[in-house]
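Following our numbering, the numbering of the sequence shown begins with 129 at its first residue and continues without gaps.
By construction, the Cβ of each residue, glycine as well, lies at the ideal position given by its N, Cα and C atoms.
Comments concern the structure below.
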Amino acid sequence: MYVPRHFELPEDYVTSLLDRPHVGNLITVHADGPAATLVPFYRDAERNALVTHLVRNNPQMREPITGRGMVIFDDVDAYVSPRWYATNEVKPNVPTWDYITLHVRGPVRIDSSPEAALQAARRLTELSEPDDVLTPIGEEKLERMARAIVAVEVGIEQVQGKAKMSQNRHPDDIRSLAAELARQGQDRMAEFLLEVSLPYAEQRYATLARLGEVHALREDVKDITDFH
Numbered sequence: 129m130y131v132p133r134h135f136e137l138p139e140d141y142v143t144s145l146l147d148r149p150h151v152g153n154l155i156t157v158h159a160d161g162p163a164a165t166l167v168p169f170y171r172d173a174e175r176n177a178l179v180t181h182l183v184r185n186n187p188q189m190r191e192p193i194t195g196r197g198m199v200i201f202d203d204v205d206a207y208v209s210p211r212w213y214a215t216n217e218v219k220p221n222v223p224t225w226d227y228i229t230l231h232v233r234g235p236v237r238i239d240s241s242p243e244a245a246l247q248a249a250r251r252l253t254e255l256s257e258p259d260d261v262l263t264p265i266g267e268e269k270l271e272r273m274a275r276a277i278v279a280v281e282v283g284i285e286q287v288q289g290k291a292k293m294s295q296n297r298h299p300d301d302i303r304s305l306a307a308e309l310a311r312q313g314q315d316r317m318a319e320f321l322l323e324v325s326l327p328y329a330e331q332r333y334a335t336l337a338r339l340g341e342v343h344a345l346r347e348d349v350k351d352i353t354d355f356h
């Protein structure tokens, strides 16, 4: 994934995204090409792996996997109209799409034992819902259902995050965009814009202003030198 420096996802955001259960695309490569399944994952910190479970009959689990796998977590995204930019009337812009995504690469391990499958499903449930919703089902039925699924681990070897969140826009544009997204109910995107994108843009434009002043000073000196 191509990630310009100003679109790099902050480390604390990466950690928070990995630490909570999240649905993502499990992508594996096989002899006939890539395969993907959208499934929920949780992170096992001790094993440094993302864990999920898939139906045993899924062809992605039956065909041999060649090479490392990848999990793609798409966090938030939204269409961005140029009309939402404060500077659009002065300088018309094109529309775009802002988003936050995370790619995790690593070796894929499949455990076909019902015990491992049930453990993976049980742990995901515990992390997603504090109340015990599995006990009323009964262990016998849970074990029977577990025979139809397999546990899957993706080792966390490489993590790459990208936040294309208007960091390259003017600070006034970011403020107006955040206000519009908040109005639409996109609170997490609005918060990221104000807490991450806006400080970056303000620092960037302050630096550009200073460089402009230095350039103007150099031109003044050059003019004086030319005059003499």
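Collapsed DSSP secondary structure at G340 in the structure displayed: Translated into positions along the sequence shown, residue 340 becomes position 212. Helix.
Supposed contact pair S304 and W212 - C-beta distance, whole angstroms, cut 8 Å: Walking along the sequence shown from the start, residue 212 turns up at place 84. Walking along the sequence shown from the start, residue 304 turns up at place 176. Right, their Cβ atoms sit about 6 Å apart.
For V167 versus T156, is the C-beta distance shorter than 8 Å? Working through the sequence shown from its first residue, we reach residue 167 at position 39. Working through the sequence shown from its first residue, we reach residue 156 at position 28. In this structure, V167 lies away from T156, with their beta-carbon atoms at least 8 Å apart.
Other residues of its chain near G152: CB distance less than 6 Å, five sequence neighbours each side excluded: On the sequence shown, residue 152 is found 24 positions in, with the first residue counted as 1. Hits under 6 Å: F169, V199, I200 and F201.
Who pairs with G234 in a beta bridge, going by DSSP? Along the sequence shown, read from residue 1 onward, the residue named residue 234 stands at position 106. G234 pairs with G197.
Candidates I284, R272, L246 and V208, of which the one nearest E174 by Cα: Your numbering for residue 174 matches position 46 in the sequence shown. Here the closest residue by C-alpha is I284.
Go to Q188, then tell me how far its alpha helix (DSSP H) extends in each direction, as first and last residue. For the purposes of this step, residue 188 is identified with residue 60 of the sequence shown, where counting begins at 1. Looking at the DSSP string, the run of the alpha helix (DSSP H) that includes Q188 is P187 to R190.
Is the beta carbon of A244 less than 8 Å from the beta carbon of A279? Position 116 of the sequence shown, counted from the first residue, corresponds to residue 244. Position 151 of the sequence shown, counted from the first residue, corresponds to residue 279. In this structure, A279 lies closer than 8 Å to A244 by Cβ.
DSSP beta-bridge partners of W225: What you label residue 225 is simply residue 97 of the sequence shown in a count that begins at 1. DSSP, once it has assigned bridges, lists Y207 as partnering W225.
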